[in-house]
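The numbers in the working numbering rise by one with no breaks, and the one at position 224 of the sequence shown is 224. The beta carbon of each residue, even a glycine, is placed where N, CA and C say it ideally should be. Every value quoted in this text rests on a predicted model; they were computed, and no experiment measured them. Working notes, beginning with the structure itself.
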Amino acid sequence: MLPGWVRIIETHHEHHEQSALFKPITNGRAVTHFHDEQREPSLSQKLPRNFLSLDVNGRSNLRCLTSGHLIFCSVSDAVQPPVVVHNSEALEVLSILRRQILNDDCSQFFKLLEIDVGAIARGKLVFSETFNFGNMRSFWHNKLLLVFGPRPPLNWVLVCLVSVLVLITLLGSSSSSAFDSITDSTRPNLYSNYRKLKDQTVNDYLELKKLGANPSKDFDLCAKERENYVPCYNVSANLLAGFKDGEEYDRHCELSQDRQYCLVRPPKEYKIPLTWPSGRDVIWSGNVKLSKDQFLSSGSMTKRLMLLEENQISFHSDDDEMIVDGVRDYSHQIAEMIGLGSDAEFREAGVRSVLDIGCGFGSFGAHLLSLKLMTLCVASYETTGSQVQLALERGLPAIIGSFISKQLPFPSLSYDMVHCTQCGIVWDDKDGMFLIEVDRVLKPGGYFVVTSPKRREHGSTSTPMGEYPQKLCWNLVGQQEETLIWQKTRDAQCISSKHGTFPLCNGEDFQSYYKPLAQCISGITSSRWIPIQNRSSGSLNSAELAVHGINSEDFAEDLEFWRSSLRNYWSLLSPLIFSDHPKRPGDEDPMPPYNMVRNVMDMNAHYGGLNAALLEARKSAWVMNVVPVGQHNTLPVILDQGFAGVLHNWCEPFPTYPRTYDMLHAKGLLTHIASEKCNIIDLIFEMDRILRPEGWVIISDKVGPIEIARTLVTQLRWEARMIDLQNGSDQRLLVCQKPFVRK
């Protein structure tokens, strides 16, 4: 065991000084020896001036200095500026003291304190109340008397202090600690008792120990059957667990126990996708799991829109005049049915975002995107011939999802239009709960478009929905051949005043994350109940931002930050930064092209500022804005801007297929993951799974989590470069590129 030396000088009212020397610390026990302070040489004569200054109560100050295995501390009234201690042996000291921290001998002591973990990383230890070493008649002295008796055992107090000091040394070291910053908030993250601090200590220790076990080991490739693997969608396991009636195809992460730390390999015939817009119309057939038999068994509309060649799948574009009954005519038909002259007027009618359920191969969404409508495809998980995989391969927004038994991961009042063409849903099943879910995500005045091949008997006025649309206060505004269009009521009082309707849900549906389907109406009492026809056509105005509790100046400042950040990021998307002499492309170097990336995911999107900056800069990218569960839910303001977005718990895999994103961006996500007690290694492997070969990753976080991520991504064979922002903060950028590994 490594011996630890701690020197404590206590000042009493009689101004008499004495010192206590711990020697050694072994198995959590210490032997105390007293010496006369006057016989001891000064600390500065014995050791170099490597100070860690701890502000105790504004008056007294606990000063520490270290050298190798030695940690010397003293209490004085002179306040010294905090200096982070770099102690390479801190981890070994922690391994010794960890058992003492876990021991209940320290429980009463830690219960008296509120430890600011974020402040520890900055070299300060904050107590919730005055803790004056010089005034033993203080409030804290009375508490100590209750715990320890009239004279508290010195060993207990000193050993607990030593434990805290070693934790400070470990957490304050930028070279050896992964969690020197555990929170991204400017407010202190207070732990009100020792048990939380104890758990955090163990997690940090085990994380560092795991990372340091095999620092140079590269991870192996997964087996071939995992080429298109999507976690949480194990149909066989779901059937064994008793799920049926379609629920076996639903998301069940609680059953996924087969996590493997291996790299999902691309298929043998995989090729880098073509850049936008060429990639919208032509994709490599080897990049998706779609057989010729599946193509031949698809509908006639699909065959007219898609051609399967030797190694390519080609889609007809909007410019192809050969398509008489194509997507453009269908879109025009919908526009005319809701009273518009053409589909170019959708935005003027308040339609900016569309949820396309069961999107086929995305051709309708591709057309709406050309009209500047954000169209998100949502389709169930499919082992082969996946609609979501093919849409994303074309560069179209898509996500795996269904509402067979659970709500979609969107808040209420999210979309201006919900569209379903031959999506295979029996809408009047389950007592209308599927329609209730559509009503939940649909904004007031929004449209529900259904195209079904089932023809009604001649002269019949019935619909595939039965009487449920009337119970939801929907109005049938158009009916032509196989297409029906309902409009959701603009009147929030309609539901509550109409007899025989569905009941109202209790509380406001603000954060829906795979909750069970409910047979009640939500969103009626929301402050976001604003008909789509009454909203501003451009950016959100101050009144609309106020609905979300956002100050317009703060929103504008956030957008300006992302404009600047995007200019910085875009200049870094170059292999030059990974060279032995890295440099940012200069004026003589060409900037990355506007269409360098298409599918972008902002893994911690906040207000969606990166998305807005990309649109302003006219980059040919769309963004999947992800709001992590546990963070402040800003998804409503993202969706109200007409962007794509989703709630997601990053302790779980994301609902998409492998190799579906060109760039991943994460600001503060590593810190958030640590605060949720999830493993960064799991997150990094998930990022590798969903990132395309030669795709880019930009991570912005504090230096500790960034160091962990850099260690991991090099083991995944990524190119990586950490960049100091040189603004005096502890924030760093980690820019990475995933290689195209063939095997």
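Nearest-angstrom Cα separation, counted from residue j out to residue i
i      : j      : result
LEU614 : ASP439 : 31 Å
SER564 : ALA237 : 47 Å
GLU544 : GLU348 : 18 Å
ALA492 : CYS377 : 28 Å
VAL547 : ASN633 : 14 Å
HIS665 : LEU635 : 17 Å
ARG692 : HIS648 : 20 Å
PHE685 : GLU437 : 33 Å
ASP220 : SER452 : 47 Å
PHE561 : VAL741 : 35 Å
PRO710 : VAL623 : Position check: residue 710 holds Arg in this sequence, whereas Pro was assumed. When rounded, the distance between both Cα atoms is 24 Å.
ARG598 : ASP245 : 37 Å
PRO267 : LEU371 : 34 Å
ILE272 : TYR607 : 31 Å
ASP558 : ASP602 : 15 Å
ARG490 : ASP724 : 51 Å
GLN312 : GLY538 : 39 Å
GLY630 : ALA617 : 31 Å
PRO739 : ASP281 : 25 Å
ALA119 : ILE638 : Residue confidence for ALA119 is low, a pLDDT of 36 falling below 50, so the modelled location carries little weight; the figure read from the coordinates is stated next. Cα to Cα, the separation comes out at about 32 Å.
TRP718 : LEU712 : 9 Å
GLN519 : MET465 : 16 Å
ARG250 : GLY362 : Reading off the sequence, residue 250 comes out as Asp, not Arg. Straight-line Cα distance between these residues: approximately 21 Å.
ILE400 : SER579 : 38 Å
CYS796 : ASN679 : Only positions 1 to 743 of the chain appear in this structure, which leaves residue 796 out of reach.
LEU263 : LYS289 : 19 Å
ARG721 : ILE357 : 40 Å
SER380 : SER402 : 5 Å
GLY668 : TRP474 : 42 Å
PHE555 : PRO655 : 30 Å
ASP429 : VAL441 : 18 Å
Sequence-distant residues of the same chain with beta carbon closer than 6 Å to residue i, five excluded per side
i      : result
ASN595 : THR275, TRP276 and SER620
LYS443 : LEU413, ASP416 and ILE532
LEU435 : TRP427 and TYR468
ASN287 : TYR270 and GLU393
ILE521 : ILE495, PHE502 and LEU504
GLY279 : PRO273 and GLY395
VAL351 : ASP416 and MET417
Same chain only: Cβ atoms within 8 Å of residue i, ignoring 5 sequence neighbours per side
i      : result
GLU247 : ASN238, ILE404 and SER405
GLY728 : none
SER496 : LEU504 and ILE524
TRP529 : LEU413, PRO444, ALA492 and GLY523
PHE243 : ASP250 and HIS252
ARG589 : The sequence shown places Asp at residue 589, rather than the Arg named in the question. So the list reads SER574 and LEU576, once near-sequence residues are dropped.
Residue i and residue j closer than 8 Å at C-beta
i      : j      : result
GLN407 : TYR233 : no
GLY365 : LEU392 : no
GLY777 : TYR468 : No answer is possible for residue 777: it lies beyond the span of the chain, which begins at 1 and ends at 743.
ALA605 : ASN625 : yes
SER386 : TYR657 : yes
GLY642 : MET374 : yes
LEU683 : ILE673 : yes
ARG265 : GLU227 : yes
SER536 : SER552 : no
GLN726 : ASP218 : no
VAL230 : PHE410 : no
GLU652 : CYS253 : yes
GLN389 : TYR447 : no
LEU484 : VAL418 : no
Close-in-space but distant-in-sequence residues of the same chain around residue i (CB under 7 Å, 5 per side omitted)
i      : result
PRO592 : TRP570, LEU573 and SER574
HIS367 : ASP318, VAL327, ARG328 and SER331
LYS46  : Only weak support is given to the placement of LYS46: the predicted model assigns it a pLDDT of 36, under 50, and the question is left unresolved by the model.
CB contact check: residue i to chain B, cutoff 8 Å
i      : result
CYS505 : Given the protein chain composition of this structure (a single chain), no chain B is represented.
(message) Please give the ranges of any alpha helix (DSSP H) in the region 629-710, keeping only runs that are unbroken, at least 4 residues long and fully inside the region.
(response) Fully enclosed alpha helix (DSSP H) runs of 4 or longer: 635-640, 669-675 and 680-690.
(request) State whether the region 686-702 contacts the region 730-738, with contact taken as three or more CB pairs (one from each stretch) at a distance under 8 Å. (result) They touch, by the three-pair rule.
(request) Taking only runs that begin and end inside the region 592-619, name each unbroken beta strand (DSSP E) of 3 or more residues, in chain order. (result) 599-602, all fully within the region 592-619.
(request) Determine contact between the region 469-482 and the region 337-344, defined as no fewer than three beta-carbon pairs at a distance below 8 Å. (result) Yes, the region 469-482 is in contact with the region 337-344.
(message) In chain order, what are the residue ranges of uninterrupted alpha helix (DSSP H) at least 4 long that sit wholly in the region 467-493?
(response) Entirely contained in the region 467-493, the alpha helix (DSSP H) runs reaching 4 residues are, in chain order, 468-471.
(message) Threshold first: 3 residues or longer. Then list the beta strand (DSSP E) segments lying entirely within the region 486-565, N to C.
(response) Listed in chain order, nothing qualifies, since the region 486-565 has no complete beta strand (DSSP E) run of 3 or more residues.
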